[in-house]
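Beneath this line is the structure, given in structure tokens, with notes to follow.
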Amino acid sequence: METPGTLDAHRLGEEQPSEADIDLYRVLSADISAGVAVVSTSLHKRDYAATVTAFLSVSYDPPTILVSLYAGSGIGEAIATTGTWALSL
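Position 1 of the sequence shown, counted from 1, bears residue number 2 in this note's numbering, the numbering being contiguous throughout.
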């Protein structure tokens with residue numbers, strides 16, 4: 002499976018986040034305690050998930066989170082294909 006050369010930002014909606022959304026994201030990002038989170042996606046009616054012990058809040062506007070995964074893993078390939086994922090805390 003090939004990973005696309007350039008990945009565009011993916012959002013749940015087409016609209017830009019409001020100032021209230023950005024402020025809420027800032028508050029929630031500051032309150033996250035250490036622990037584990039679950040990264041998940043779905044591809045061809047199959048669910049993929051992985052636990053992660055670290056992630057990084059990159060930007061408040063637009064709200065952006067960085068998670069590192071092994072690209073050759075099942076979930077890494079599924080995310081590269083779908084371009085969408087969720088992080089559950």
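Every residue gets a Cβ at the ideal spot worked out from N, C-alpha and C, and that includes glycine.
Leaving aside the five residues before and after V37 along the sequence, list all residues of the same chain whose C-beta is less than 6 Å from its C-beta, in chain order.
The answer, listed in chain order, is T52, T54.
Evaluate I33 with the Cβ neighbour count: other Cβ atoms within 10 Å of its Cβ, from every protein chain shown; 16 or more gives buried, anything less gives exposed.
Per the 10 Å Cβ criterion, exposed.
Once DSSP output is grouped into helix, strand and coil, what is the label at L8?
Residue confidence is low: L8 scores 48 on pLDDT, short of 50, so the model does not pin down where it sits. Its coordinate-derived value is still stated next. Coil at L8, not helix or strand.
State buried or exposed for V40, treating a residue as buried only when at least 16 other CB atoms are found within 10 Å of its CB.
Its Cβ being crowded by 16 or more others within 10 Å, V40 is buried.
Which same chain residues, not among the five before or five after S58, have their C-beta less than 7 Å away from its C-beta?
Answer for S58: S30, I66, listed in chain order.
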